[in-house]
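Trainee: Be aware that the sequence shown starts at 194, since it is given in this note's numbering, and climbs by one per residue. For glycine and all other residues, C-beta sits at the position ideal for the given N, C-alpha and C. Fair warning: this is a prediction, and the values are worked out from it, not measured in the lab. Let me give you the structure first, and then I'll get to my questions.
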Amino acid sequence: MKRHRRLVWASASHFMIDFICAWMIINRIPGSEAWFVKMLIYNFLAFAGQLPAGIILDRLASEWEKATSAAASAGCLLCLAAFASGADSHTLVITAGIGNALFHVGSGAGILKLYRGRAAEPGIFVSTGAFGIYAGSVIPMIDRLYVPAGVILSALLAYSIILILSEKEKPPADRSEYHGNVRVRKKFSLSAVQEAISVTCLILVAAFRSFEGSVFAFPWNSSIYTGIALTGAVFLGKMLGGMSSDRFGGCRTAAVSLAVSALLLGMSDRMGAGLAGVLLFNMTMPVTLSTLYRKFPEYPAASFGILTFALYLGVLPVFAGVPEWMRSPASYTILTVISLVLITVGLCFPLRRKINQLYTRNRREMP
Numbered sequence: 194m195k196r197h198r199r200l201v202w203a204s205a206s207h208f209m210i211d212f213i214c215a216w217m218i219i220n221r222i223p224g225s226e227a228w229f230v231k232m233l234i235y236n237f238l239a240f241a242g243q244l245p246a247g248i249i250l251d252r253l254a255s256e257w258e259k260a261t262s263a264a265a266s267a268g269c270l271l272c273l274a275a276f277a278s279g280a281d282s283h284t285l286v287i288t289a290g291i292g293n294a295l296f297h298v299g300s301g302a303g304i305l306k307l308y309r310g311r312a313a314e315p316g317i318f319v320s321t322g323a324f325g326i327y328a329g330s331v332i333p334m335i336d337r338l339y340v341p342a343g344v345i346l347s348a349l350l351a352y353s354i355i356l357i358l359s360e361k362e363k364p365p366a367d368r369s370e371y372h373g374n375v376r377v378r379k380k381f382s383l384s385a386v387q388e389a390i391s392v393t394c395l396i397l398v399a400a401f402r403s404f405e406g407s408v409f410a411f412p413w414n415s416s417i418y419t420g421i422a423l424t425g426a427v428f429l430g431k432m433l434g435g436m437s438s439d440r441f442g443g444c445r446t447a448a449v450s451l452a453v454s455a456l457l458l459g460m461s462d463r464m465g466a467g468l469a470g471v472l473l474f475n476m477t478m479p480v481t482l483s484t485l486y487r488k489f490p491e492y493p494a495a496s497f498g499i500l501t502f503a504l505y506l507g508v509l510p511v512f513a514g515v516p517e518w519m520r521s522p523a524s525y526t527i528l529t530v531i532s533l534v535l536i537t538v539g540l541c542f543p544l545r546r547k548i549n550q551l552y553t554r555n556r557r558e559m560p
């Protein structure tokens, strides 16, 4: 029950952090001096910054079990300070960017460790950010927002501190036995070359998903209602992807969802097909996250940070500008097929059947 409380806290906080950060960046940065550079700096700190932060956190967590929880709380505090202080745009970008990175990598790593390789719970955690970003992007700058948003984030911050204080410190785990239920599968592991190819493909899938998701433009998405529907498809896709992965396996879930998504996105000028295609397209997110963690169970924060760094790389070309022909159903289908090939290679290597069977047995035995 305790870990479920942490999942609820992390998911609710994820919504609020992404909501507040998106609201501040959209409403305070555009129009200021060198605003485009500030947007790039924020995105670099908030997304790419999670990789070095994750490497440091994993190192600290080997000595202090509460390091990831403390990082998540520190991220909440920095975002709250940026929101409540009315800081200038330069300070806002740095404070919110670092706070966003610390919260995501700290809470994300905590969820991965708590649920030991399952995909459903990380899927729930990452899904709430979609609504947070959308809400923060469309709500205009109004003074009445400050008090309720500040109070909610303050309450979440206070509760995170209570969770940290209630945790019992455990002795540092031996690296060779870290998360034994997941680690034991290494005797069935792929060769070093196969593992490198598999990990590279998973990272490329995350980058392609980020790029394609950023260039999506549908002719029917012209009102706040269709925007909510589209965001709901992203939300449900990430949530259902994790649940389906635990039930049917990551390889099967990813292959089927992307294959059908490629067909539907080819007809995405129709609202129904577009929404269904986006939902299925996003089902691979928790699959890649949980799979990468199972490959490196002693490095949960770095695993989380690697994928967010890939998201940052995927969105960079969008800042530079993309040709109009890429914003078409045919382009979406081609990009999705490329992702399908990459994730199939990343997840469905030889010997993967034995690995998945062992993981499934461990998952069923997990308390």
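Just mark S415 as buried or exposed, buried being the case when its beta carbon has 16 or more other beta carbons within 10 Å.
Mentor: By the 10 Å Cβ count, S415 comes out exposed.
Trainee: Out of I291, S262, E256, which one is the CA nearest neighbour of L273?
Mentor: Ranking I291, S262, E256 by Cα distance to L273 puts I291 first.
Trainee: Rounded to whole angstroms, what is the Cα-Cα separation between A227 and I536?
Mentor: The alpha-carbon atoms of A227 and I536 are separated by roughly 38 Å.
Trainee: Count the other C-beta atoms from every protein chain shown that fall within 10 angstroms of the C-beta of A513, then say buried if there are 16 or more, exposed otherwise.
Mentor: Label assigned to A513: exposed.
Trainee: Short of 6 Å in beta carbon distance, which residues of its chain neighbour S450, apart from the five on each side in sequence? Order them along the chain.
Mentor: Cβ neighbours of S450 beyond the five flanking positions: L473, M476.
Trainee: Looking at the unbroken alpha helix (DSSP H) that takes in Y505, where does it start and where does it end?
Mentor: Per DSSP, Y505 belongs to the alpha helix (DSSP H) from 493-513.
Trainee: Given G467, which residues of its chain have a CB within under 6 Å of its CB, disregarding the five upstream and five downstream residues?
Mentor: Closer than 6 Å at Cβ, skipping near neighbours: F411, S461.
Trainee: For G240 and G465, what's the separation of their Cα atoms in angstroms?
Mentor: Correcting the residue type first, residue 240 is Phe in the shown sequence and not Gly. Whole-angstrom Cα-Cα distance: 31 Å.
Trainee: So S540 packs on A447, CB below 8 Å; how close in whole Å?
Mentor: Contrary to the premise, residue 540 reads as Leu rather than Ser in this sequence. Rounded, the Cβ-Cβ distance is 6 Å, consistent with contact.
Trainee: Please tell me whether L285 and M217 are closer than 8 Å, where the distance is taken between their beta carbons.
Mentor: Cβ atoms of L285 and M217: closer than 8 Å.
Trainee: Just reading off the alpha helix (DSSP H) that S399 is part of, what are its end residues?
Mentor: Per the sequence shown, residue 399 should be read as Ala rather than Ser. Note, A399: alpha helix (DSSP H), 385-408.
Trainee: Let's test the definition: count the other Cβ atoms within 10 Å of the Cβ of F229 and tell me whether it reaches 16, buried, or not, exposed.
Mentor: F229 should be labelled exposed.
Trainee: Does the beta-carbon distance from G279 to G435 come in below 8 Å?
Mentor: No, these two residues do not count as a Cβ contact at 8 Å.
Trainee: Tell me whether S320 sits in a helix, a strand or coil according to DSSP, three-state version.
Mentor: The answer is helix: DSSP assigns S320 an H, G or I state.
Trainee: Go through the segment 227-256 residue by residue and report every complete run of the alpha helix (DSSP H) that reaches 4 residues or more, in order.
Mentor: Complete alpha helix (DSSP H) runs here, min 4: 228-236, 243-254.
Trainee: With DSSP run on the structure shown, which of helix, strand or coil describes K195?
Mentor: In this structure, K195 counts as helix in the three-state DSSP scheme.
Trainee: Nearest to F497 by CA position, among Y418, V515, S282, M478, is which residue?
Mentor: For F497, the nearest C-alpha among the options comes from M478.
Trainee: As an exercise, report each continuous beta strand (DSSP E) stretch of at least 3 residues that is fully enclosed by the segment 445-470, in chain order.
Mentor: Listed in chain order, there is nothing to give.
Trainee: Determine the direct distance from the alpha carbon of I527 to that of L270, and round the result to whole angstroms.
Mentor: Cα to Cα, the separation comes out at about 42 Å.
Trainee: Cα separation between V530 and S521?
Mentor: Answer to the nearest angstrom: the Cα atoms are 14 Å apart.
Trainee: Closest to E405 by CA distance: which of L506, R487, H197, A294 is it?
Mentor: Nearest C-alpha to E405: L506.
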